[in-house]
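What follows is a short report on a single structure.
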Amino acid sequence: MQSQKIEEHFITEKPFYLPQKNELAVALAAYGNGLPLLLKGPTGSGKTRFMQFLAWTVKRPLITVSCHDDLSTSDLVGRYLIRGGETFWLDGPMTLAVRYGAICYLDEVVEARKDTTVVIHPLADDRRQLAIEKRGELLTAPREFMLAVSYNPGYQSVLKDMKQSTRQRFVALELNYPPPELERDIIRHEAGIEEPLAHSLVRIAAMTRGLKDSGLQEGASTRLLVHAGLLIREGIPPREACHVTITEALTDDHELVGAIDEMISSVI
Amino acid sequence: MERVATAVSLQQVIPDHQLNEWEHEELIEQLAAYDEQLERAVLAQIAVIWPVSHALCFAFLEQLHNGLRCLETKELAEWVKGILHAYEADGLRAARLYMADVENNFLCPRRGESGLTFAEAQGRLVPYIRGISGRGLQLEVSAAAATDTSTIFLPRDVRFYRDHTGNFQVYKLLATYQWAFISQDLYCQNHAQSAAIHFPGGRQQSREGDSDDILVRFFSIFPHQQLAQDIYHLLQTLRVSLFMQQEYPGLMRDLGPFFALLLENRPDLQRLAGIDYQLEKIRQWLLGQLSGEKASALGGDPQLRNIVAAAWNGRADNGDIFMATRGFYDAFCHDKPAYEPLQPLFFQGEFRPREAHRARLARRESNRQKFIEALAAILPPQAAAEAAEAEKEPKQPVANVVENGANVTPAQHHATNQAEPDPQSAEEPRFICLDDAQLELPEELRELAREIEEDLGSLPSFYISSASQRAGGQSRSPLKGPQQEEGEGLQGGLLYDEWDFRRQGFRKNWCRLHRKQLHAVKGTFVSSTLEKYRGQIMQLKRQFEMMRTQHLFIGRQRDGEDVDLDALTEAYADIRAGLVPSDRLFVRLQRDQRDIAALFLVDMSSSTEGWVGTALKESLVLLSEALDSLGDRYAIYGFSGMRRTRSEIYHIKEFTEPYSDEIRGRIAAIAPVDYTRMGPPIRHFTGVLSKVEAKVRLLIILTDGKPEDYDDYKGEYAIEDTRHALIEAKNAGIHPFCITIDREAQDYMGHMFGEINYTFINDVRKLPLRVPEIYRLLTS
Chain A
2 MQSQKIEEHF
12 ITEKPFYLPQ
22 KNELAVALAA
32 YGNGLPLLLK
42 GPTGSGKTRF
52 MQFLAWTVKR
62 PLITVSCHDD
72 LSTSDLVGRY
82 LIRGGETFWL
92 DGPMTLAVRY
102 GAICYLDEVV
112 EARKDTTVVI
122 HPLADDRRQL
132 AIEKRGELLT
142 APREFMLAVS
152 YNPGYQSVLK
162 DMKQSTRQRF
172 VALELNYPPP
182 ELERDIIRHE
192 AGIEEPLAHS
202 LVRIAAMTRG
212 LKDSGLQEGA
222 STRLLVHAGL
232 LIREGIPPRE
242 ACHVTITEAL
252 TDDHELVGAI
262 DEMISSVI
Chain B
153 MERVATAVSL
163 QQVIPDHQLN
173 EWEHEELIEQ
183 LAAYDEQLER
193 AVLAQIAVIW
203 PVSHALCFAF
213 LEQLHNGLRC
223 LETKELAEWV
233 KGILHAYEAD
243 GLRAARLYMA
253 DVENNFLCPR
263 RGESGLTFAE
273 AQGRLVPYIR
283 GISGRGLQLE
293 VSAAAATDTS
303 TIFLPRDVRF
313 YRDHTGNFQV
323 YKLLATYQWA
333 FISQDLYCQN
343 HAQSAAIHFP
353 GGRQQSREGD
363 SDDILVRFFS
373 IFPHQQLAQD
383 IYHLLQTLRV
393 SLFMQQEYPG
403 LMRDLGPFFA
413 LLLENRPDLQ
423 RLAGIDYQLE
433 KIRQWLLGQL
443 SGEKASALGG
453 DPQLRNIVAA
463 AWNGRADNGD
473 IFMATRGFYD
483 AFCHDKPAYE
493 PLQPLFFQGE
503 FRPREAHRAR
513 LARRESNRQK
523 FIEALAAILP
533 PQAAAEAAEA
543 EKEPKQPVAN
553 VVENGANVTP
563 AQHHATNQAE
573 PDPQSAEEPR
583 FICLDDAQLE
593 LPEELRELAR
603 EIEEDLGSLP
613 SFYISSASQR
623 AGGQSRSPLK
633 GPQQEEGEGL
643 QGGLLYDEWD
653 FRRQGFRKNW
663 CRLHRKQLHA
673 VKGTFVSSTL
683 EKYRGQIMQL
693 KRQFEMMRTQ
703 HLFIGRQRDG
713 EDVDLDALTE
723 AYADIRAGLV
733 PSDRLFVRLQ
743 RDQRDIAALF
753 LVDMSSSTEG
763 WVGTALKESL
773 VLLSEALDSL
783 GDRYAIYGFS
793 GMRRTRSEIY
803 HIKEFTEPYS
813 DEIRGRIAAI
823 APVDYTRMGP
833 PIRHFTGVLS
843 KVEAKVRLLI
853 ILTDGKPEDY
863 DDYKGEYAIE
873 DTRHALIEAK
883 NAGIHPFCIT
893 IDREAQDYMG
903 HMFGEINYTF
913 INDVRKLPLR
923 VPEIYRLLTS
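Read top to bottom, the protein sequences are chains A and B.
If you read the first sequence in the numbering used here, its first letter stands for residue 2, the second for the next number, and so on.
If you read the second sequence in the numbering used here, its first letter stands for residue 153, the second for the next number, and so on.
This is the structure:
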């Protein structure tokens with residue numbers, strides 16, 4: 002087993018990202034002052050893409066950890082392993098990021114157990130330190146290091162709320178769905194489709210986002226629209242493509258499925 | 153059958169105390185007249201209807217004689233299903249109508265002779281129309297398609313095609329057309345646009361700039377008003393059809409064959425003359441355009457071509473339609489011609505300017521109230537009080553709306569009522585100035601203000617001054633300070649404080665809370681619910697069982713059933729590295745990781761009478777079934793009461809009680825009682841819950857609207873007290889969550905539940921399945 006190479010985490014090509022408002026300026030200011038960043042927003046609204054864009058802008062590697070409820074502290078910090086009768090230390094992603102001054106991005110941080118997320122506390126305040134207990138090592142993060150986490154406030158689960166002691170360390174940016182014109186340009190570019198189709202897809206998305214009161218948990222995300230566009234470009238008939246990427250992805254409720262399909266067939 | 157026996161069986165379905173003596177007598181008399189088999193069948197149906205609505209049950213008994221003339225005994229159950237459906241969809245009146253015509257409403261559909269009914273289509277149509285419009289529009293049944301701009305009316309059934317798919321498309325077309333009429337402002341309700349319309353012959357606009365009756369004024373210039381309306385409506389249909397083609401191309405393409413079908417069925421042009429001929433020519437031309445065949449040409453008449461071109465060009469607005477209507481009338485209708493209206497185009501529906509005007513006024517009133525309430529809620533009390541004070545000095549400007557841009561419209565100044573000291577004018581109000589402080593309006597309020605301006609042209613200043621008066625706590629008659637009330641002598645029970653937002657403090661020991669028992673009733677409610685939702689319950693149970701087994705194995709434990717390989721490897725590596733290895737090397741089967749205690753508090757106020765109450769009970773049954781398979785601890789209580797001295801909670805299930813037949817009977821016994829005073833029960837159960845040992849403590853409240861009691865517990869006071877009680881619960885480490893059932897989202901909800909989570913359900917039929925779903929989402 003090899004430690005991940007930091008070079009692999011550099012983003013070499015400029016990611017496509019159209020700023021919604023001042024999020025880049027805010028993130029850069031936070032970066033310059035060593036403040037950690039919290040991204041809030043619904044799924045598929047561009048949080049991860051934004052992080053890639055930020056990493057590319059500041060020319061630092063981006064190390065992403067998708068959090069889940071079995072994530073342990075050693076998964077983040079690192080552990081000893083054995084090879085050929087010898088032990089060696091393997092840096093976890095967090096340690097790697099601190100050592101090399103990368104951006105460490107914990108995606109969906111609320112999914113991780115609360116006792117795990119506590120290790121980020123000393124990193125997320127002005128100490129900017131990571132203690133590796135097993136090695137007796139105390140790393141202080143270089144200026145280039147940044148901690149970023151994301152979460153989706155749309156889930157109302159009481160078990161998945163962020164602790165105040167954690168969230169009050171961050172500069173919080175809300176990334177919602179982009180406004181229609183911007184979203185249209187994003188889909189056009191990402192899926193490589195014509196403007197009228199992109200416009201129709203954006204209209205469908207706006208319609209589904211208004212259905213929250215009718216029992217839909219979340220509306221269609223920008224990502225879903227890109228998926229729909231990609232399938233259509235591949236030659237799948239538009240309504241069918243929207244059905245499989247948007248309707249069925251959003252809900253299992255029979256009537257809502259019907260209603261969303263009707264919206265699609267009205268517009269396309 | 154003997155009357156005594158009848159009485160006994162009747163008592164099993166309707167407890168004696170729920171009937172008057174004479175009602176009881178009459179009922180027994182009626183039942184005794186039937187033969188044994190029929191009597192049993194009728195009694196079984198009474199048991200079904202009675203818990204839904206008593207009034208419906210009496211109506212049913214009235215109509216029963218009529219119905220039995222053409223129904224067989226075994227068809228009775230199906231008929232009752234239909235009645236209940238009509239009742240649940242449209243209320244008692246609809247149910248009566250349904251019962252009155254057994255042949256058409258029940259027997260025909262049974263023989264497969266009907267098309268698609270509105271009831272069948274609406275499940276899909278309602279979310280569809282709300283989705284495309286982005287508004288909480290209502291759909292209702294009416295004789296023909298129409299709209300009053302708040303509600304879209306659709307025919308009871310559509311029978312163009314044999315299959316449901318085709319008929320549904322027609323429903324969809326009708327609904328979408330009506331939405332397009334609303335969005336294209338058929339009834340000229342946009343103040344700014346209507347004000348810009350000038351038409352020859354129109355009387356002088358009133359000084360108030362009142363545009364409310366611009367349509368009335370317009371039509372009054374024609375000798376034949378009905379004809380003018382028909383022309384106007386048809387030309388608007390042209391304009392809107394083009395809009396539909398641009399906005400909903402898929403729909404219009406799909407419906408091409410339908411337009412062709414309509415075209416085939418239009419009367420023969422050769423037989424028509426005069427205006428009929430000209431109007432019909434336009435209709436057929438439009439159908440030709442829409443069906444994509446373009447079979448019908450407009451012919452050589454240049455006047456007609458110009459009129460059509462004025463409406464069919466993508467840039468036409470209401471003013472152009474006014475002109476075109478006028479042009480058409482002048483060209484083809486000389487004075488007051490004889491006019492027998494031909495059938496209008498099916499999809500254009502009916503033109504109902506009066507209803508639209510009424511709906512506009514109703515909306516204006518409700519917007520006014522909403523705005524004042526919402527603004528008062530965000531005004532800082534002190535500033536508001538000062539503003540209200542200043543209000544008395546006429547010279548001093550009190551509150552001023554600041555424009556977003558520099559776009560000031562001085563026209564509003566003279567339009568403002570003299571009594572108000574400060575004229576308001578704004579395009580898009582974002583801030584409100586109170587003295588020197590600037591207050592930014594929150595998103596919803598801005599939206600509301602925009603809507604009001606669209607309607608009235610400007611935001612009336614008294615809206616703002618009323619709000620500041622209200623926030624300052626002045627001139628509010630129903631919410632005056634504490635009143636002495638009778639019934640003070642009621643003793644016993646628990647005392648609770650109540651929050652008075654005006655004094656920002658508690659009224660000490662203000663409410664007396666009494667605990668009451670609900671006595672289990674026997675009946676078919678639970679078993680029929682279980683039957684009705686059999687499939688869904690199985691699914692729910694499976695989902696909930698999966699939650700139970702989710703985190704079964706937990707690693708890195710000091711002891712357990714099996715070795716944790718990951719941990720062992722790490723420990724071995726640690727040893728080799730010369731470190732002290734961890735002793736957490738096992739995985740353990742965790743059985744009770746879900747350490748959750750949930751308390752459900754059910755609104756038993758009289759407003760839940762009828763379908764809402766039934767849905768609430770059904771959801772409790774489903775929830776209990778699901779939770780039973782999950783193993784979470786839960787308790788259920790009802791609450792209601794009247795006045796502060798008699799707040800009541802009804803015991804249904806404690807945490808420690810197992811879910812049994814007794815509990816099922818108590819759920820069935822839930823019935824509407826009095827009023828909704830939410831504070832005391834929330835405070836009581838906050839206390840109860842905080843004593844329960846659990847990692848997560850949930851207080852889930854099911855309610856159907858605003859808190860309100862018989863005394864001064866209403867409006868803002870009640871909302872503030874409820875809000876405060878919920879915050880108290882949250883501070884006690886409890887997670888309160890509200891599920892509220894209403895026709896549309898209300899503004900107070902955001903404020904009342906703002907500190908906590910809530911969800912609102914506008915489709916009561918969805919409630920029984922949504923409640924377990926919400927619980928699942930909340931706790932996973």
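Cβ coordinates follow ideal geometry from the N, Cα and C atoms, glycine included.
Compare the C-alpha of K324(B) against each of L19(A), A30(A), D262(A) and name the closest. Here residue 324(B) refers to the residue found at position 172 when the second sequence is read from its first residue. Comparing Cα-Cα distances from K324(B) to each of L19(A), A30(A), D262(A), the minimum goes to D262(A).
Legend entry - Paired residues, beta bridge with H803(B) - DSSP: Walking along the second sequence from the start, residue 803(B) turns up at place 651. DSSP output for H803(B) lists Q669(B), Y789(B) as bridge partner(s).
Checklist line | Nearest neighbour of F258(B), chosen from I748(B), A238(B), L244(B) [CA to CA] | finding: Walking along the second sequence from the start, residue 258(B) turns up at place 106. Among I748(B), A238(B), L244(B), the Cα nearest to that of F258(B) is on A238(B).
| Which listed residue (V66(A), V268(A), L97(A), P179(A)) has its alpha carbon closest to that of I205(A) | Sequence index remark: in the first sequence, residue 205(A) carries index 204 (1-based). Closest by alpha carbon: V268(A).
- [ ] Could you tell me how far apart the beta carbons of D105(B) and K522(B) are, in whole angstroms, since I believe they sit closer than 8 Å?
- [x] In this structure chain B extends from 153 to 932, so residue 105(B) is not present and cannot be described.
* Is it buried or exposed for K918(B), if we count other Cβ within 10 angstroms and need 16 for buried? -> Here residue 918(B) corresponds to residue number 766 of the second sequence, with the count starting at 1. With 16 or more other Cβ atoms from the protein chains shown falling within 10 Å of its own Cβ, K918(B) counts as buried.
Taking a contact to mean a Cβ-Cβ separation below 7 Å, would you say V111(A) touches G93(A) in this structure? Here the question's residue 111(A) lines up with position 110 in the first sequence. Here the question's residue 93(A) lines up with position 92 in the first sequence. Result no, Cβ atoms of V111(A) and G93(A) do not sit closer than 7 Å.
Residues bridged to R659(B) by DSSP?
Residue numbering aside, residue 659(B) sits at position 507 when the second sequence is read from its first letter. Note: R659(B) sits in a beta bridge opposite E650(B).
Over what stretch of residues does the beta strand (DSSP E) that includes T892(B) continue unbroken? The residue labelled residue 892(B) in the question sits at position 740 within the second sequence. Unbroken beta strand (DSSP E) run through T892(B): 887-893.
Can you tell me whether G609(B) sits near the ligand PLP, meaning its C-beta is under 6 Å from at least one heavy atom of the ligand? With respect to small molecules bound, the structure shown includes none, and the ligand PLP cannot be examined in it.
Q.
In this structure, how does DSSP classify E683(B) when only helix, strand and coil are distinguished?
A. Along the second sequence, one-based indexing puts residue 683(B) at 531. E683(B): helix per DSSP, three-state reduction.
Worksheet entry | Cross-chain neighbours of M1(A) in chain B, by beta carbon under 8 Å | Residue numbering for chain A in the displayed model covers 2 to 269; residue 1(A) lies beyond these limits and cannot be assessed.
Sheet register partners of G79(A) (DSSP bridge) | Here residue 79(A) refers to the residue found at position 78 of the first sequence. According to DSSP, which records beta bridges pairwise, G79(A) is partnered with D92(A).
Beta-carbon separation (whole angstroms), P37(A) vs L148(A), contact threshold 8 Å: Taking the first residue of the first sequence as 1, we reach residue 37(A) at position 36. Taking the first residue of the first sequence as 1, we reach residue 148(A) at position 147. Contact annotation, P37(A) with L148(A): C-beta distance approximately 4 Å; criterion of less than 8 Å satisfied.
Practice prompt. State whether the stretch 112-123 of chain A contacts the stretch 707-720 of chain B, with contact taken as three or more CB pairs (one from each stretch) at a distance under 8 Å.
Written response: Two segments are said to touch when three or more pairs of C-beta atoms, one from each, lie closer than 8 Å; by this definition the stretch 112-123 of chain A does not touch the stretch 707-720 of chain B.
Looking only at its chain, what residues have a beta carbon closer than 6 Å to the beta carbon of E572(B), apart from the 5 residues adjacent to it on each side? On the second sequence, residue 572(B) is found 420 positions in, with the first residue counted as 1. Note that E572(B) has pLDDT 38, beneath the 50 cutoff, so the model's placement of it is unreliable and the number below is only indicative. Excluding the 5 residues flanking it on each side, E572(B) has same chain C-beta neighbours closer than 6 Å at S613, F614, in chain order.
| request: Please classify Q163(B): does DSSP put it in a helix, a strand, or coil? | output: One-based indexing of the second sequence puts residue 163(B) at position 11. Note: Q163(B) maps to helix in three-state DSSP.
message = With three or more C-beta pairs closer than 8 Å as the rule, is the stretch 181-199 of chain A touching the stretch 26-34 of chain A?
response = Short answer: they don't touch.
**Own chain partners of A241(B) with C-beta closer than 7 Å, once the 5 adjacent residues on each side are dropped** = Position 89 of the second sequence, counted from the first residue, corresponds to residue 241(B). If you ignore the 5 residues before and after A241(B), its C-beta comes within less than 7 Å of the C-beta of A271, all in its own chain and listed in chain order.
*asked:* Just to confirm before moving on: does the CB-CB distance between S205(B) and G762(B) stay below 7 Å?
replied: Here residue 205(B) is taken as the residue at index 53 of the second sequence, counted from 1. Here residue 762(B) is taken as the residue at index 610 of the second sequence, counted from 1. Pairing S205(B) with G762(B) gives a Cβ-Cβ distance under 7 Å.
| query | Within 10 angstroms of its Cβ, does T141(A) collect 16 or more other Cβ (buried), or is it exposed? | reply | Translated into positions along the first sequence, residue 141(A) becomes position 140. Taking all protein chains in view, the Cβ of T141(A) is surrounded by fewer than 16 other Cβ atoms within 10 Å, so the residue is classified as exposed.
*In the stretch 94-174 of chain A, which residue ranges form an unbroken alpha helix (DSSP H) of at least 4 residues, counting only runs that do not cross its ends?*
You should have 94-101, 115-118, 122-125, 165-168.
Note to self: By DSSP's criteria, R84(A) is part of a beta bridge. Which residues make up the other side?
What the structure shows: Here residue 84(A) refers to the residue found at position 83 of the first sequence. Note: R84(A) sits in a beta bridge opposite E87(A).
Closer than 9 Å by beta-carbon distance: list the chain A residues that pair up with D714(B), in chain order.
Taking the first residue of the second sequence as position 1, residue 714(B) is located at position 562. Simply none; closest approach about 16 Å.
* Any beta-carbon of chain B closer than 7 Å to the one on S67(A)? -> The residue you call residue 67(A) lines up with position 66 of the first sequence. Output row for S67(A): interface = no.
* Quick one: grab the DSSP three-state call for S346(B). => Within the second sequence, the letter at position 194 stands for residue 346(B). Annotated three-state conformation of S346(B) is helix, per DSSP.
Measuring only the C-alpha atoms, how far is F305(B) from F17(A)? Locating residue 305(B) in the second sequence gives position 153, where the first residue counts as 1. Locating residue 17(A) in the first sequence gives position 16, where the first residue counts as 1. Between F305(B) and F17(A), the C-alpha separation is close to 46 Å.
query = Between R928(B) and N914(B), is the Cβ-Cβ spacing less than 7 Å?
reply = In the second sequence, counting from the first residue as 1, residue 928(B) sits at position 776. In the second sequence, counting from the first residue as 1, residue 914(B) sits at position 762. In this structure, N914(B) does not lie closer than 7 Å to R928(B) by Cβ.
**Message:** Strictly by DSSP, which residues pair up with T299(B)?
**Reply:** Here residue 299(B) is taken as the residue at index 147 of the second sequence, counted from 1. The partner list for T299(B) (beta bridge, DSSP) reads I304(B).
**Asked** Under 7 Å between C-beta atoms, does R917(B) make it to chain A?
**Response** If you number the second sequence from 1, residue 917(B) lands on position 765. R917(B) does not count as touching chain A.
### Residues near D716(B) in its chain [Cβ-Cβ closer than 7 Å; skip 5 each side]
In the second sequence, residue 716(B) corresponds to position 564, counting from 1. Closer than 7 Å at Cβ, skipping near neighbours: G707, R708, L737, F738, V739.
Interface residues of chain A around L403(B) at Cβ under 9 Å? Numbered from 1 along the second sequence, position 251 holds the residue referred to as residue 403(B). Residues of chain A passing the Cβ test: E263, S266, S267, V268.
Taking C-beta to C-beta, are T269(B) and D309(B) nearer than 7 Å?
Counting from 1 along the second sequence, the entry for residue 269(B) is found at position 117. Counting from 1 along the second sequence, the entry for residue 309(B) is found at position 157. A contact, by the Cβ cut-off of 7 Å.
What are the boundary residues of the alpha helix (DSSP H) that R849(B) is part of? Residue 849(B) sits at position 697 when you count from the first residue of the second sequence. R849(B) -> not in any alpha helix (DSSP H); beta strand (DSSP E) instead, spanning 848-855.
* Output, in chain order, the set of chain B residues within a Cβ distance shorter than 7 Å of G211(A). => As a first step, residue 211(A) must be located in the first sequence, where it is residue number 210. Those are R282, G283, G286, listed as they occur along chain B.
Practice task
Could you check if R849(B) is buried or exposed, using at least 16 other CB atoms within 10 Å of its CB as the buried criterion?
Solution key: Reading the second sequence from its first residue, position 697 is the one you call residue 849(B). With 16 or more Cβ atoms within 10 Å of its Cβ, R849(B) is classed as buried.
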